[in-house]
Structure formats: structure tokens, C-alpha cells
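**Student:**
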Amino acid sequence: MTDSELNKLKGQSLGPITATPAKIPLLVVMRNGGSGRSDTLSGCELIIPCGFGMDFWVALQLRTARASGMRDDLTAHLEASRFHFPTDLVDSQSGLEDIKRMQSEHEAKYERRPHNRRVLYWDKLSIKYPFTFEYEELVNDWLAAKV
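Residue numbers for the sequence shown, in UniProt numbering: 1 to 147.
Next comes the structure, spelled out in C-alpha cells:
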């Protein structure tokens, strides 16, 4: 629905709202900090079927709901000192898949740059793994180090 169509409908007298047999499956995930406290992560998430996104988006924005995306969610978890799944849980299968996805994105971005504009990670900065973090190698180094 375009903005002009929405404004046209708002200008008309719609009458009372009636219930219809048509139902849209909707999953509401409530988040709260527990113990009656409100924090950065309090709120709810709506999971709706494909094709209904714009209708829900317009309805929620007209009723002053606050929307946030993935980057905002990561920032909120960082500020609340909480783990974000799967990004911060690298021991899980989902965490490993997320790391591989991010590594391929960073490598693709690096490969798109001209050769004379690429950062020479190993030659200039001595960074062995610039696009990933080798947790297992780091842990093995820590275990092998004698204090």
C-alpha cells in the first residue's frame, strides 16, 4: 500500500471495525529483564508471515511503535552486557556458521578493492587472520604458555 493510498483511506469515513473470519498467524516474542525492571532489551518482537510485512509496518509506525534492526539489536546487547545469539556464542554450530558468513562477506569486500588500495595485513600489520578469529589456536597458545 502506498502512502497516497493510505492517506486516501484515512480521509474517508471507514466506519466501525468489524471482525472477519480471516486470520493472520502472528508470533509475539516478549522480552523483559525480569524482576520488574526495564532495561535496554525489554520489548517484543513480531514474527509474521511473508507478504504481510508492509501492512504491519505501516500500522505499527502510525501507532508510534519503535522499530529496530539487527545493528540496533547488536548494540543493545552490547550496552546491556548480554550475549547476542549467535554472534557472541562461537562455540555453537550457529555461531560457527555466523562467523563463516561474516568471514566470506569481509573477504569478498576485500577482494573488490583494487590491489593498490588493499591493506597488507601480514606484511605491514603482522595480522595472521584478518577476516576471522581463530579461537582454537588462541586457546591452544594460552594452554601452551607457561606462567
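The beta carbon of each residue, even a glycine, is placed where N, CA and C say it ideally should be.
For F52, which residues in the same chain have their Cβ closer than 8 Å to its Cβ, ignoring the five residues on either side in sequence?
**Tutor:** I24
**Student:** Tell me the rounded alpha-carbon separation between I3 and V58.
**Tutor:** This sequence places Asp at residue 3; Ile is not what is there. Rounded to the nearest angstrom, the two C-alpha atoms are 9 Å apart.
**Student:** Near I99, which residues of its chain fall below 7 Å by C-beta distance, leaving aside the five closest residues on each side in sequence?
**Tutor:** The beta carbon of I99 sits closer than 7 Å to the beta carbons of V90, T132 from its chain, once the five residues preceding and following it are set aside; these are given in chain order.
**Student:** Count the CB pairs spanning the stretch 73 to 82 and the stretch 101 to 119 that are closer than 8 Å, and state whether there are at least three.
**Tutor:** Contact between the stretch 73 to 82 and the stretch 101 to 119 is absent: fewer than three C-beta pairs spanning the two stretches fall below 8 Å.
**Student:** Tell me the DSSP secondary structure of V119 in three-state form.
**Tutor:** coil
**Student:** Looking at the secondary structure, which residues open and close the beta strand (DSSP E) in which E107 lies?
**Tutor:** From DSSP, E107 is part of no beta strand (DSSP E) but of the alpha helix (DSSP H) over 93 to 112.
**Student:** Along the chain, where does the alpha helix (DSSP H) containing E136 start, and where does it finish?
**Tutor:** Looking at the DSSP string, the run of the alpha helix (DSSP H) that includes E136 is 135 to 144.
**Student:** Judging by CA-CA distance, which residue of F56, E107, A22 is the nearest neighbour of A65?
**Tutor:** F56
**Student:** Taking Cβ positions, are V28 and L46 nearer each other than 8 Å?
**Tutor:** yes
**Student:** Tell me the residue span of the beta strand (DSSP E) that contains G43.
**Tutor:** 43 to 47
**Student:** Taking I48 and L26 to be in contact with their CB atoms under 8 Å, please state how far apart those CB atoms are, rounded to whole angstroms.
**Tutor:** 6 Å
**Student:** Kindly list the residues whose CB is nearer than 6 Å to the CB of H77, restricted to its own chain and excluding five residues on each side of it in sequence; keep chain order.
**Tutor:** Closer than 6 Å at the Cβ level, and outside the excluded window around H77, lie H84.
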